[in-house]
Structures are given as structure tokens and as C-alpha cells.
Amino acid sequence: MTHEVLKTHEVLNQSPPFGDANLFAADAPLRGALAAFGGPADLDGLDGFGARWGSAERIDLGRLANAHSPVLRTHDARGYRADRVEFHPAYHALMAASVADGLHASFWDGADPGKPQARGHLARAARQFMVAGVESGHLCPMTMTSAAVAALSAAPDHLAAWLPRIASRTYDPSFRPWFEKAGVTLGMGMTEKQGGTDVRANTTRAEPTGGDTYALTGHKWFFSAPMSDGFLVLAQAPGGLTCLLVPRHRPDGSVNALHLQRLKDKLGNRSNASAEVEFEGALGWRIGEEGRGVPTILAMVQLTRLDCAVASAGLARMALVLALHHARHRRVFETPLVDQPAMRRVLADLALESEAQTALVCRLAAAFDRGEAARTRLLTPAVKYAVCKAAPGFVYEAMECLGGNGYVEESPLPRLYREAPVNAIWEGSGTVMALDVLRAAARAPEEVVGLVADLAEEAEGLPGVRAAAADIVAALQAPDAEARTRFATGRLATLAAAASLAACAPPAVAEAYAATRLARERAMYGANGVGAVAEMLLERALP
1 MTHEVLKTHE
11 VLNQSPPFGD
21 ANLFAADAPL
31 RGALAAFGGP
41 ADLDGLDGFG
51 ARWGSAERID
61 LGRLANAHSP
71 VLRTHDARGY
81 RADRVEFHPA
91 YHALMAASVA
101 DGLHASFWDG
111 ADPGKPQARG
121 HLARAARQFM
131 VAGVESGHLC
141 PMTMTSAAVA
151 ALSAAPDHLA
161 AWLPRIASRT
171 YDPSFRPWFE
181 KAGVTLGMGM
191 TEKQGGTDVR
201 ANTTRAEPTG
211 GDTYALTGHK
221 WFFSAPMSDG
231 FLVLAQAPGG
241 LTCLLVPRHR
251 PDGSVNALHL
261 QRLKDKLGNR
271 SNASAEVEFE
281 GALGWRIGEE
291 GRGVPTILAM
301 VQLTRLDCAV
311 ASAGLARMAL
321 VLALHHARHR
331 RVFETPLVDQ
341 PAMRRVLADL
351 ALESEAQTAL
361 VCRLAAAFDR
371 GEAARTRLLT
381 PAVKYAVCKA
391 APGFVYEAME
401 CLGGNGYVEE
411 SPLPRLYREA
421 PVNAIWEGSG
431 TVMALDVLRA
441 AARAPEEVVG
451 LVADLAEEAE
461 GLPGVRAAAA
471 DIVAALQAPD
481 AEARTRFATG
491 RLATLAAAAS
501 LAACAPPAVA
511 EAYAATRLAR
521 ERAMYGANGV
531 GAVAEMLLER
541 ALP
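Numbering (my numbering), first residue to last: 1 to 543.
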């Protein structure tokens with residue numbers, strides 16, 4: 001007897017998977033920002049980069065790396081300590097691709113170990129921006145490796161030994177001494193149970209053992225990228241809180257006493273391992289002077305904070321692309337979803353926000369390249385505050401554009417949504433960023449007044465600029481400035497975004513942003529009056 005297979009229904013009206021798209025060629029706001037702010041001359045290289053990272057295969061690697069989280073092996077079968085973390089092959093493939101493209105080290109190509117100077121910030125930011133939307137977790141070791149060189153410059157001899165391997169384009173995940181490898185990565189261990197932001201409360205001890213060598217005893221509550229080849233760690237030496245470089249292996253090739261206790265079960269960032277670790281007499285080399293650990297680490301903080309902002313803008317960009325892609329293929333009431341007036345307004349408003357974020361982070365990266373010290377000092381925490389804190393709400397709104405299809409785990413959007421909060425928390429939460437702006441303004445009040453005036457001049461003629469500039473200065477100089485510092489910081493970032501758009505976007509786009517974000521309090525997405533430029537915004541967002 002044969003049974004006819006019943007065809008219950010045919011699947012219709014579903015958007016195809018997003019992939020095999022050139023992430024650079026499809027991004028007019030990014031290309032415009034690079035052109036305006038002095039981006040890399042090798043645009044063909046970025047075009048090829050965008051094609052590689054937009055391929056369906058690369059996007060699926062991002063899915064796999066997060067679906068199969070790292071696994072900690074504390075001991076081997078015989079009971080000996082192993083202290084190893086196993087990753088899915090997709091994670092290693094992403095790491096190898098990013099290292100080959102220089103995301104971990106391109107700042108330092110050709111650098112003098114005696115006085116390294118970071119360069120090429122805007123070119124690297126463009127690449128990181130594209131990668132973040134594909135898979136952001138593996139960018140954690142990219143950022144730490146890249147930024148660590150700034151701190152290691154306080155110990156030129158150690159930097160000279162490590163820099164050739166840091167700058168290498170070879171990814172070597174093998175568990176063996178760093179000096180036997182062609183390429184290395186670096187992690188960090190700052191946070192302890194009793195002192196997160198307040199690192200001076202840390203209790204890990206560093207006992208001198210001769211020269212610049214110390215023995216570390218203590219516990220780190222967050223130990224990032226624990227399979228790295230070396231780690232920058234803060235510990236209490238006799239002279240106070242000190243920065244140390246702690247290698248995975250000792251100079252004799254034996255494994256250093258870094259005992260991994262567990263991996264954090266995190267909301268997102270699941271492809272990347274974060275551990276708790278015990279130091280039991282672990283060897284570390286002093287970086288900089290005893291008691292100067294915080295200033296030594298601060299040399300890298302500006303770089304990591306810039307990366308946080310760039311990655312968050314990249315997450316938002318991918319969420320927007322997925323929402324637009326769906327809306328153009330989905331039909332509702334016999335009309336494409338993207339042509340429904342209410343949905344079109346939401347998408348255009350998201351596109352406006354994403355374009356402003358793109359312009360803002362690119363202009364900040366360019367400020368690093370141009371050596372604009374006051375601008376980077378004041379705007380880096382403000383931009384990190386605004387862009388990173390906006391990411392979760394932005395990704396959620398994009399997810400809602402897909403309805404239930406965006407909420408299920410087969411969609412990339414739940415992963416983007418879980419990833420979105422980490423950059424606002426890592427390297428200083430929102431309040432820390434706002435207080436950093438306030439401290440910078442208090443130390444050099446003339447600088448902040450001058451910067452606000454410069455931004456107002458760059459955004460001259462846009463709605464709300466003069467009032468915003470006055471609001472910022474008044475809030476930062478008020479008797480209750482600390483209570484008002486979040487308001488001032490957000491307003492400062494919005495003014496900077498308007499000024500950035502004025503330099504790189506069509507005038508109508510800058511006008512719409514200032515009218516809806518500076519001249520009046522921003523409403524929920526879709527409730528802002530961007531209608532006149534909706535068509536332009538959507539076409540620029542994804543042709």
C-alpha cells in the first residue's frame with residue numbers, strides 16, 4: 001500500500017536569509033564618513049573586506065561560534081591541572097580571519113618599541129564596524145591585544161620581545177609558550193569581587209622576586225579571553241597598585257600558575273570566554289612603576305573605549321540591515337511591509353540613528369589619527385556612553401520589525417540583542433563615562449567650552465545647536481554638575497553627532513537628525529518627524 005504524502009501548505013511570504021552581501025559597498029553612510037574624514041586610500045581593500053565578511057559562510061560562522069559556547073577543562077584524565085578552554089572551530093576561523101586582516105594589531109605596524117604611536121584608527125574602525133555585526137564576541141581579544149601595546153610601552157624591553165608576535169598576521173591557538181609562536185594574543189584581568197570599577201580595592205598581591213619579576217597571589221572575578229598568551233593584570237605590590245604582564249607560560253616553558261575556576265555564564269558575548277582565575281604564585285613582569293598601575297592601564301583605555309563605541313554602532317548597523325531586508329521581502333495586506341507608512345517611518349528613523357552613529361564613531365576615530373587631544377579626551381567617554389547605551393534599544397526595535405520571526409533563535413537578532421549591552425558595561429559603565437566627562441571638564445574647563453564651541457560651529461545652522469551648546473556648558477558648570485552629568489554627556493554626544501553628519505551626510509539628513517534629537521527631546525522610533533527624508537535614508541541604509 002502506498003500513502004500519498006500530504007502537502008499541508010506551501011511556505012510563502014518569507015524573507016530569504018541575509019547573506020552574500022558586500023557590507024562595504026552596501027553602506028553609503030560608512031563610505032561617506034570615510035571620504036569626509038580622511039579614510040584609507042585603499043578603498044578596494046575595504047570593498048574586498050566587506051565582501052568577505054558579508055558572505056553567507058562568514059555570517060554562519062558567527063552563528064556557530066555562539067551556538068557552541070567555549071568549554072573549560074580544568075583537569076585532564078589523570079587528574080593533572082589542564083586549565084584550558086576549548087572553542088568551536090567556527091571561533092578559531094573567525095579569529096584567524098580577523099588576525100589576518102589585522103584587527104588585533106594594525107595600529108602598530110612598523111611601530112618603534114621604544115615609543116610606539118598608534119595610527120590608522122579610522123581605517124581599522126571601518127573594518128571593526130563591519131565585523132561587529134557578523135560576530136562581535138571574538139572582537140574582545142582583538143581589542144585587548146591591540147590596546148595592550150599602549151600599556152606595554154611603559155616596559156620597552158618586554159614590548160620589544162612581544163611586539164613582533166603581536167603584530168604578526170598569524171593566528172596560533174596552540175597551547176605552548178608565547179616565545180615559540182609566530183603570533184600571540186593578549187587578555188586582561190582587572191576586576192575582582194570587591195572592586196569592579198574601583199580597581200584600587202583589589203587585593204591580589206604581587207611579591208617581588210628579583211628585578212622586574214613578581215609572584216602573584218589572588219583571584220580575578222573577570223579574566224577576559226583566558227586562552228590568550230599573556231595578560232595585563234593589576235595587583236598590589238609593595239609600592240601600591242601595579243600593572244603586570246602575566247604570561248601563560250614561564251620562561252622555562254612550564255605552565256604558569258593561572259588556575260581557571262569557571263567560565264562566566266554570560267547574557268551574551270557567548271563565543272568569547274570570560275573566566276574566574278586564581279593566581280597561586282604566578283609569575284608576572286612589572287609594566288611601568290610600582291604604584292602606577294592605573295595610569296599605566298589608562299594608556300590603553302581610550303583605545304578600548306573607542307572600540308566599544310565602534311562595535312556597538314556596527315551591531316546597530318547589522319540590526320538595521322536585517323530589518324530592512326525583511327521589510328522589503330515581506331508583504332502585509334498585499335503591500336510590501338517597507339511601503340506601509342507606519343513601518344516606513346520606523347525604518348527611516350532607525351536609519352537616521354544608525355547613520356548618525358556611523359558618522360560619530362568615524363569622526364572620533366579620525367580625531368585620534370589627527371592628534372586632536374582635547375577632542376579625544378572629552379568625546380571618547382561621551383561617544384561610548386551614547387552609542388553603547390543606545391544599542392540594546394536599537395536592536396530591539398529592529399527585532400520588532402520582524403515580529404515573531406525576529407524573536408526566535410533561528411534569526412540573528414536575538415544574538416545581536418544579547419550582545420548589545422556588553423559594550424556599555426565593559427571598560428566603564430554609563431555613569432563612569434559621564435563622570436569621566438565631568439572630571440575632564442573640571443580639570444580643563446576652557447577645553448570643554450572650546451570643544452563645545454567648535455562643535456556648534458561645525459553644526460552651525462542646524463536646529464537646536466545653540467541651545468544644546470548652552471545646555472552642555474551650563475550642566476557641566478552647575479553646582480550639582482555630578483547629578484546632571486548624564487544629561488550633559490548625552491547632549492554632548494548628540495551635538496557631536498550632528499556636527500559629524502554636517503560634515504559627511506546630505507544636508508537634509510543632518511537637518512532631520514538635529515531637528516529630532518537636538519531641537520526637541522527624541523521620541524520613540526517611528527514617532528520622530530523624519531518623513532521628508534525617509535526615502536533618502538532608506539536608500540542610503542541599504543540600496
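Glycine residues also receive a C-beta, built at the ideal position from the N, C-alpha and C atoms. Note that the structure is predicted; figures quoted are calculated from it, not measured.
Go through its chain and collect everything with a Cβ distance to residue i's Cβ below 7 Å, but skip five positions before and after it.
| i | result |
| --- | --- |
| ALA348 | VAL530, ALA534, LEU537, LEU538 |
| ALA257 | PHE279, GLU280, GLY281, ALA282 |
| GLY133 | GLY314, LEU315, ARG317, MET318 |
| LEU320 | LEU350, ALA351, SER354, ALA398, ALA541 |
| ALA151 | LEU232, CYS243, ILE287, THR296, ILE297, ALA299, MET300 |
| ALA201 | GLN194, GLY195 |
| CYS308 | LYS384, CYS388, ASN423, TRP426, GLU427 |
Measure from the alpha carbon of residue i to the alpha carbon of each residue in the options, then state which is nearest.
| i | options | result |
| --- | --- | --- |
| HIS104 | ARG169, LEU495, GLY79 | ARG169 |
| GLU355 | LEU94, LEU542, ARG52 | LEU542 |
| ALA227 | PRO341, ARG248, LEU234 | A quick correction: the sequence has Met, not Ala, at residue 227. Ranking PRO341, ARG248, LEU234 by Cα distance to MET227 puts ARG248 first. |
| GLU397 | MET433, ALA386, PRO414, ALA382 | PRO414 |
| THR74 | ASN66, ARG84, ALA67, ALA65 | ARG84 |
| ALA100 | GLU446, ARG375, ILE166, THR191 | ILE166 |
| THR489 | TRP108, VAL383, LYS264, SER429 | VAL383 |
| SER136 | PHE487, ALA508, LEU416, PRO445 | LEU416 |
| VAL473 | GLY461, VAL509, GLU446, GLU458 | GLU446 |
| TRP285 | ALA111, LYS264, ASP112, ALA154 | ALA154 |
| ALA93 | ARG52, LEU72, ALA126, GLY79 | ARG52 |
| VAL432 | VAL449, GLU482, GLU410, PRO156 | GLU482 |
| VAL449 | GLN477, ALA21, GLU460, ARG305 | GLN477 |
| ARG262 | CYS401, ALA82, PHE129, GLY110 | ALA82 |
| ASP252 | GLY240, LEU234, PHE179 | PHE179 |
| VAL131 | LEU159, ASP157, GLN340, LEU61 | LEU61 |
| VAL71 | ARG78, ARG58, ARG466, PRO89 | PRO89 |
| ARG443 | LEU378, GLY48, THR335 | LEU378 |
| THR203 | TYR171, GLY240, ALA182 | GLY240 |
| ALA67 | GLU409, GLN340, LEU324 | GLU409 |
| VAL509 | PHE394, TYR80, PRO463 | PRO463 |
| GLY114 | ARG375, GLY183, GLY293, HIS158 | HIS158 |
Give the DSSP-derived three-state secondary structure of residue i in the structure shown.
| i | result |
| --- | --- |
| LEU360 | helix |
| PHE87 | coil |
| LYS220 | strand |
| THR489 | helix |
| ARG330 | coil |
| GLY79 | coil |
| ARG540 | helix |
| VAL408 | coil |
| LEU518 | coil |
| ALA237 | strand |
| TYR171 | coil |
| PHE279 | strand |
| PHE24 | coil |
| PRO336 | strand |
| MET188 | strand |
| TYR214 | strand |
| THR74 | strand |
| THR203 | coil |
| TRP178 | helix |
| TRP53 | helix |
For residue i, collect the residues of the same chain with a Cβ closer than 6 Å to its Cβ; drop the 5 residues on either side in sequence, then sort them by chain order.
| i | result |
| --- | --- |
| SER106 | GLY120, ARG124 |
| ALA391 | SER312, LEU315, ALA316, ALA420 |
| GLN302 | THR380 |
| ALA386 | GLY490, ALA493 |
| LYS264 | SER274 |
| VAL199 | MET190, LEU234 |
| ALA33 | THR358, ALA359, CYS362, CYS504 |
What distance in whole Å lies between the Cβ atoms of residue j and residue i, which are believed to be in contact at a cut-off of 8 Å?
| i | j | result |
| --- | --- | --- |
| LEU244 | GLY230 | Not quite, the Cβ-Cβ distance comes to about 10 Å (not below 8 Å), so this is no contact. |
| GLN560 | ARG205 | Here the chain has residues from 1 to 543 only, and residue 560 is not among them. |
For residue i, I'd like the list of residues in its chain whose CB is within less than 8 Å of its CB, leaving aside the five on either flank, ordered along the chain.
| i | result |
| --- | --- |
| ASP436 | PRO381, GLY428 |
| VAL346 | GLU397, CYS401, TYR525, GLY526 |
| VAL310 | ALA125, GLN128, PHE129, ALA132, VAL361, ALA365 |
| ALA41 | none |
| ALA562 | Examination of residue 562 is not possible in this model, given that the chain is present from 1 through 543 alone. |
Check the Cβ-Cβ distances between residue i and every residue of chain B, and say whether any is below 9 Å.
| i | result |
| --- | --- |
| TRP53 | Of the protein chains in the structure, only one exists, and it is not chain B. |
Do the stretch 142-153 and the stretch 179-189 meet, that is, are 3 or more Cβ pairs less than 8 Å apart?
Using a C-beta cut-off of 8 Å, the stretch 142-153 makes contact with the stretch 179-189, since at least three inter-stretch Cβ pairs fall below that distance.
Spell out a yes or no on whether the stretch 170-178 and the stretch 207-217 are touching, meaning 3 or more CB-CB pairs, one atom from each, closer than 8 Å.
no
For the stretch 270-277 against the stretch 220-239, do three or more pairs of beta-carbon atoms, one drawn from each stretch, fall closer than 8 Å, so that the two count as touching?
The stretch 270-277, when compared against the stretch 220-239, does touch it at the 8 Å Cβ threshold.
Please confirm if the stretch 403-410 is in contact with the stretch 157-164, defined as three or more CB-CB distances below 8 Å between the two stretches.
no
Three or more C-beta pairs under 8 Å: does that hold for the stretch 11-18 against the stretch 513-529?
These segments do not touch.
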